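Chemist: Protein chains in written order, with this note's numbering: chain C, 290 to 711; chain G, 5 to 419; chain D, 149 to 531.
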Amino acid sequence: MNRVLYASAAAVALTAGMASAEQVTVFGPWLGPDQINVEAVLAAFAESSGHDVRYVGSDSFEQQIAVDLEAGSPPNVAAFPQPGLAAEMANRGFLTPLSNGTADWLRENYAAGDSWVDLGTYADPGGNMNMYGFPYKTDVKSLVWFVPENFEDAGYEIPGTMEELKALTDQIVADGETPWCIGLGSGGATGWPATDWVEDLLLRTQDPGVYDQWVTNEIAFDDPRIVAAIEEFGAFARNDDYVAGGAGVVASTDFRDSPKGMFSSPPQCYMHRQASFIPAFFPEGTIVGEDADFFYFPAYSDKDLGSPVLGAGTTWVITNDSQGAHDLIEFLKTPQAHEIWMARKGFLTPFKGANPDAFSDPTLRKMNDILLGATTFRFDGSDLMPGGVGAGTFWTGMVDYTGGKPAAEVASEIQSSWEALK
Amino acid sequence: MEAALLGVFTIIIGVGGCISYFYFSNLFTDKVLFPARNISEADVGGHRTRAALWTAAIPFLILVAVIIIQVVLAGVFALVSPGVDAVAIGIPTKVLIYAAVIAVVIGALIFFITGSKPVSAGQNINRANALRPWLFLAPALTALGLYLAYPVLETLRLSLTERIPGGGSDFVGLANYAQMMSEAKFWEALTNNMYWLIVVPALSTAFGLLAAQLTDRISWGNIAKSLIFMPMAISFVGAAVIWKLVYDTRPIDQDQIGVLNAMYLSLGGDEPQTWLTIPFWNNFFLMAVLIWIQTGFAMVILSAALRGIPEETIEAAIIDGASPFQIFFKIKIPQIMGTIVVVWTTITIVVLKIFDIVFAMTNGQWETQVLANYMYDKLFRANDWGVGSAAAMIIMLLVTPILIWNVQNARKEMR
Amino acid sequence: MDNIAGTKSSLTWAVHISVAVLVFLWLFPTLGLFVSSFRTADQIATSGWWKAMFPAEQNLTLRTAPPATQVQQGNLYVIEGNLFEDESSEATISVFGISSRDIDAFVPGDTAEMRGGERVTVQANGDYRLESDVEMEGGRGERVFVTAETPPEFTFQNYRNVLFDPSNREGMAKAFFNTLTVTIPATIIPILVAAFAAYALAWMDFPGRALLIAAVVGLLVVPLQLALIPLLRLHLEWGIGKGYVGVWLAHTGFGLPLAIYLLRNYMVGLPRDIIENAKVDGATDFQIFTKIILPLSFPALASFAIFQFLWTWNDLLVALVFLIDATGETTVMTKQIVELLGTRGGNWEILATSAFVSIAVPLVVFFAMQRYLVRGLLAGSVK
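#1: DSSP three-state call for residue 389/C: helix, strand or coil?
#2: Mind checking the region 248-262 of chain G against chain D and listing, in chain order, the residues whose C-beta falls within less than 7 Å of any C-beta there?
#3: Can you give me the start and stop residues for the alpha helix (DSSP H) that residue 21/G sits inside?
#4: What in chain C is Cβ-close to residue 280/G, meaning under 8 Å?
#5: Checking 8 Å against the spacing of the C-beta atoms, do residue 478/D and residue 485/D come in under that value?
#6: At a CB-CB cut-off below 8 Å, which residues of chain G make contact with residue 158/D?
#7: Please give the ranges of any beta strand (DSSP E) in the region 252-301 of chain D, keeping only runs that are unbroken, at least 3 residues long and fully inside the region.
#8: Determine, using beta carbons only, whether residue 324/C comes closer than 8 Å to chain G.
#9: Within 10 angstroms of its Cβ, does residue 161/G collect 16 or more other Cβ (buried), or is it exposed?
#10: Starting from the Cα of residue 177/D, find the closest Cα among 357/G, 248/G, 268/G, 394/G and give me that residue.
#11: Could you pull the start and end residues of the beta strand (DSSP E) that residue 368/C belongs to?
#12: Does the beta carbon of residue 334/G sit closer than 8 Å to a beta carbon anywhere in chain D?
#13: What is the DSSP secondary structure of residue 510/C, reduced to helix, strand or coil?
#14: So with CB distances below 8 Å, who are the chain D contacts of residue 234/G?
#15: Measuring CB atoms only, is the region 370-378 of chain G touching the region 183-203 of chain G, in the sense that at least three cross pairs come out at less than 8 Å?
#16: Quick check: the region 233-245 of chain G against the region 292-312 of chain G, are there 3 or more CB pairs under 8 Å?
#17: Under 8 Å, do residue 607/C and residue 385/C count as touching if we go by C-beta distance?
#18: Taking the CB atoms as reference points, tell me whether residue 673/C and residue 313/C lie closer together than 8 Å.
#19: Measuring only the C-alpha atoms, how far is residue 31/G from residue 179/G?
#20: Which one of 457/D, 377/D, 483/D, 475/D has the shortest CA to CA distance from residue 467/D?
#21: Tell me the DSSP secondary structure of residue 328/G in three-state form.
#22: Here's the rule I'm using: 16 or more other beta-carbon atoms within 10 Å means buried, otherwise exposed. How should residue 592/C be labelled?
#23: When Cβ atoms are compared, which residues of the region 372-393 of chain G fall closer than 8 Å to chain C?
#24: Could you give the distance in angstroms between the alpha-carbon of residue 261/D and the alpha-carbon of residue 552/C?
#25: Tell me which residues of the region 312-338 of chain C have at least one Cβ-Cβ distance to chain D shorter than 9 Å, keeping chain order.
#26: Along the region 350-383 of chain C, where does the CB come closer than 7 Å to a CB of chain G? Name the residues.
#27: By the DSSP assignment, the beta strand (DSSP E) with residue 600/C in it spans what residues?
#28: Under 8 Å, with one C-beta from each stretch per pair, do the region 451-460 of chain C and the region 646-654 of chain C reach the 3-pair mark?
#29: Assuming residue 580/D and residue 125/G make a contact with CB atoms under 8 Å, what is their CB distance in whole Å?
#30: Is the Cβ-Cβ distance between residue 611/C and residue 419/C less than 8 Å?
#31: What residue range is occupied by the uninterrupted beta strand (DSSP E) comprising residue 121/G?
#32: Going by the beta-carbon positions, is the gap between residue 298/D and residue 334/D smaller than 8 Å?
#33: Of all the options 605/C, 469/C, 369/C, which has the alpha carbon lying nearest to the alpha carbon of residue 433/C?
#34: According to DSSP, residue 554/C sits in a beta bridge with which residue or residues?
#35: Give me the Cα-Cα distance between residue 393/C and residue 596/C, rounded to the nearest whole angstrom.
#36: With C-beta atoms as the reference, is residue 269/G less than 8 Å away from residue 260/G?
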């Protein structure tokens, strides 16, 4: 077999055959339409820098980047959807710190800059804190979607506070209809939509400090405050009258199918809480802003916690040090890098230097205003927790909870799985 | 274009390489190393040197062949795609050094083996025959060793260690196993795996045998076989999609899009069931998917075995007045028992490794966890290599009974 | 064989019927996917595929033309048209409504008054007339909820999207050839290597044979996921990195235990006297292998070839780890299909369609090989 090896290796090298400009390889989670978007941004970078930029996407990003980093064949730059995973990789010494001044730049130019700096700062193997991750591309999760014409038909108003939202929910039930569509199904990731609910509700019932300590497990998962937030979610999802199809189907309904209930005739539900990307799964031809719209998932008026916003996004890190990789991170600091994707779809940014007129449609701009206007911005907690919890027991625990297990029991199981990881 | 061309070349080089390895290694053994003739006292020294030198030359001959192939490939590619500027031709120094080391080692080995005593033709043939199995086995053993045995040893090591931040690892003994044993999810996975191990191989083999026996006797048997085989051609992920559609649940006031619920409701069921979330039974709904896939495999292999049964045994039974059922159970089954064991073993092993179906359909929730998915969870979600490797070792341990059974079978055959 | 008087005809019928039932059971799930691949995403999500062949009663939300198209007729502002976008649609409306709360308030021919004072009249075939005393405003038409009997409808759009969409046509073609480049050597090489090893384990006598057989069975069970990181590391160290060579070697290594196991068990069952006679006639092991064993084992070789081909064709994991490097130059069909599904995956119609696109080649291979399965057997069973 040996004799085959080398010849074909040469031939492969030859078909790939280019040498001149520096090659910058980028690996990310985006496929399909989003891949075209990110490639447009990278094309602009290629043009301005002269580098040869290649993007590869994968739907099993987390697994593949782990394999590549452990084995030693990583791309130059990787866009992590989960800062928790990036932190683990930094801890193993696989990441290269960003150039000095990046942290200061973020503090100055990103809305709520400090929280973004924290998001990209991880400990290296020696325990020293370095800035590794550059946040770029954000999703807002605290949104409730609805069909405006259905609200008009029924005479409902958009609720401005959590109290009003709950009153509206009861009102819809009283009218003989079902208020919510909730679906947690997502194949191997089943359960994650529930974690967003819990996080959003925790931010609306407790101080953001509680949230931060919960994410790092300084406050235990089975703390009464956390259990209360889970039960708050249960008040919506475990009530047969509140959820289309009854509480029994919540865990098994695919999250991609669940919003479709709002558009059926007659409507199966009136509201759907989901992140800014969900319109991709609305029925064909749905125009956001006309056929469907959203409002901010409101806060309690009597709790005085401001208007907290839950979000998510990707952090770009250098996984294979090269000048080209640093050039790319520098490029992401330019307004151009943000405006290209803003002009397309599904991109929000806390970057104050980007011109909001670049947004292709007013809906995105409205979402971005929610992001920029947040008094508290917190990153999706499950993405910050260690993978075994944030992408494991937290998901499965929420499925168990919607299936009828008591919240306290679920929470203590998640807590013990977290302790096992330490 | 290049890809297609490259593919053709590989097939030629790879397959040609394999064939020429087997051909020339045998030729070399029979002609150069242990020729089937008497080697006299006078001849023995010369033969010994010749054999050792030729053996030592082999690595270099291979390298020359590699260079020739490179040059040919480079030429062809230059013709096909002139835009390509640089072609790497040559052998890295590292490889050259390896080749030299290997040459010295095997040359010395042969020099040592051939010895300085005269040998008879018979002795030489015996020596050649003793070496030949290893010539036949060498490529397979190399590949197995590198691609499977080495990872197993690595896994064993990992299962006894714990990684510390910043690389390196600490030996922790059986701590990983202890931690795993304390997790309820592990026991759930183990129990479920047992159900899988009992149900899936049995039903797949039974259905496969049934299909093989029945389709062999009818005119449209081949078409029927192809249709039953079709699920084999669908990837696990595709199969998961198909069955999700079957098990789908919609609220009672909507049209069901899942066949199972539609049937259940039309047969008088009161409300749609979410099949995949009913504890215990959902395991069997997942198993159905694998049975559906593996039956085709069992059928193809068993049908070949059934056709291999000598006609006269069956004819004799018919003359004796045996009924078709007696023929099947008393004459046919015993004759293909060996193949049934093979099919059973193979499917058992697929079951031990079953991952994709559970991952794509429930991800082990609602009490459907299985060992391979548990292992995946630990390896790539929790990033806990220690426990993940320990789970893998358990999977490999479970194969032991099958291993012993097969070895005993093989021992019997040898006599 | 079946010439036992009296039982033949009833038994034959029983056989035909049981095979038919078995085939139906096995085909049914796939059939669902096949029918679904000709339906739109919305159709798949709202009605069972087995109803696709029949006219269906559906609740639809339709819209009148936007106010921009209104014409003034005397004192009235009027919009006329057909609610169904497709003019030739044969749908028949049974009831309609103008509020999502009351979708069956009117029967065709009725005139309904909207909140804004407009009046709309809808006919059974979808023709409508919307009139208003004042000029209508807004960017969109009014919603009309209808319950209609729609004829069955199928579309090739899914296949067009997967195969011929300009944005991925090129990628698909490239992926197709790449996949062949991966699968063909990854099928042939392990078979060759395994055949020799299987012969040695079946018919050659040497110390440690039983141990080796045990080792092969034991290695069957090694979970693939474990081997990925150490092996990729090994490949990088050897300098072959990520590429075809690596993926061929990996598939060879992972496919070998089963190949050896299946082939050995087949070869062991070959008639002993043929081999012993040949040995007596002075044939070497190499000759016995190539002249007798290989031809006789053709059915086993062919069936393993089918399986190995299927596995490598449907594989994504090994390709992702060992083939597809950061430059993205090489891609395979499975990867291409996953890309089509989009970042967050899960479109039924694309999944259904791509499953059938990728199943086509393996099926052709199976049909082609099936002939050899039979022929080889017939040759082998000659006594």
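Each residue gets a CB set at the ideal place from its N, CA and C atoms; glycine is no exception. Computed from a predicted model, the values in this text were never measured in an experiment.
Modeler: Considering the structure as presented:
#1: The residue labelled residue 389/C in the question sits at position 100 within the first sequence. It is coil, neither helix nor strand.
#2: 249, 250, 259, 260, 261
#3: As a position in the second sequence, residue 21/G is number 17, starting the count at 1. Residues 20-32.
#4: Locating residue 280/G in the second sequence gives position 276, counting from the first residue. The answer, in chain order, is 541.
#5: Residue numbering aside, residue 478/D sits at position 330 when the third sequence is read from its first letter. Residue numbering aside, residue 485/D sits at position 337 when the third sequence is read from its first letter. Not closer than 8 Å, so no.
#6: Here residue 158/D refers to the residue found at position 10 of the third sequence. Simply none; closest approach about 11 Å.
#7: 259-261, 267-270, 275-280, 291-298
#8: Translated into the one-based positions of the first sequence, residue 324/C becomes position 35. Chain G places no beta carbon closer than 8 Å to that of residue 324/C, leaving this residue out of the contacts.
#9: By one-based count along the second sequence, residue 161/G stands at place 157. Under this definition residue 161/G is an exposed residue.
#10: Here residue 177/D corresponds to residue number 29 of the third sequence, with the count starting at 1. Selected option, being the one with the closest Cα: 248/G.
#11: By 1-based counting over the first sequence, the position of residue 368/C is 79. Start and end: 366-369.
#12: In the second sequence, the residue the question calls residue 334/G occupies position 330. It does not: the Cβ of residue 334/G has no partner Cβ on chain D nearer than 8 Å.
#13: Numbered from 1 along the first sequence, position 221 holds the residue referred to as residue 510/C. Coil.
#14: The sequence position of residue 234/G within the second sequence is 230, counting from 1. In chain order: 174, 175, 178, 507, 511.
#15: yes
#16: yes
#17: Mapped onto the first sequence, residue 607/C falls at position 318. Mapped onto the first sequence, residue 385/C falls at position 96. For residue 607/C and residue 385/C, yes; Cβs fall inside 8 Å.
#18: The residue given as residue 673/C occupies position 384 in the first sequence. The residue given as residue 313/C occupies position 24 in the first sequence. No; because the gap between Cβ atoms is not below 8 Å, this pair is not in contact.
#19: Counting from 1 along the second sequence, the entry for residue 31/G is found at position 27. Counting from 1 along the second sequence, the entry for residue 179/G is found at position 175. So the two alpha carbons sit approximately 54 Å from each other.
#20: Locating residue 467/D in the third sequence gives position 319, counting from the first residue. Ranking 457/D, 377/D, 483/D, 475/D by Cα distance to residue 467/D puts 483/D first.
#21: For the purposes of this step, residue 328/G is taken as residue 324 along the second sequence, with counting starting at 1. Three-state DSSP puts residue 328/G in a helix.
#22: As a working note, residue 592/C is residue 303 in the first sequence. So residue 592/C counts as exposed.
#23: 381, 382, 384, 385, 386, 387, 388
#24: What you label residue 261/D is simply residue 113 of the third sequence in a count that begins at 1. What you label residue 552/C is simply residue 263 of the first sequence in a count that begins at 1. Distance between the alpha carbons of residue 261/D and residue 552/C is about 23 Å.
#25: 312, 314, 315, 316, 318, 319, 320, 321, 322, 323, 324, 325
#26: The residues in question are 351, 352, 355, 377, 380, 381, 382.
#27: Along the first sequence, read from residue 1 onward, the residue named residue 600/C stands at position 311. Where residue 600/C is concerned, the enclosing beta strand (DSSP E) stretches over 597-607.
#28: The region 451-460 of chain C is not in contact with the region 646-654 of chain C.
#29: Residue 580/D falls outside the range modelled here, since chain D spans only 149 to 531, and no answer is possible.
#30: Translated into the one-based positions of the first sequence, residue 611/C becomes position 322. Translated into the one-based positions of the first sequence, residue 419/C becomes position 130. Not a contact, by the Cβ cut-off of 8 Å.
#31: Locating residue 121/G in the second sequence gives position 117, counting from the first residue. That residue, residue 121/G, is in no beta strand (DSSP E); it is neither H nor E in DSSP.
#32: Here residue 298/D refers to the residue found at position 150 of the third sequence. Here residue 334/D refers to the residue found at position 186 of the third sequence. No; because the gap between Cβ atoms is not below 8 Å, this pair is not in contact.
#33: For the purposes of this step, residue 433/C is identified with residue 144 of the first sequence, where counting begins at 1. Closest option to residue 433/C, Cα to Cα, is 469/C.
#34: Start at 1 with the first residue of the first sequence, and residue 554/C comes out as number 265. Note: residue 554/C sits in no beta bridge, so no partner.
#35: Here residue 393/C refers to the residue found at position 104 of the first sequence. Here residue 596/C refers to the residue found at position 307 of the first sequence. Their backbone Cα atoms lie some 26 Å apart in a straight line.
#36: For the purposes of this step, residue 269/G is taken as the residue at position 265 of the second sequence. For the purposes of this step, residue 260/G is taken as the residue at position 256 of the second sequence. Yes, they are a contact pair.
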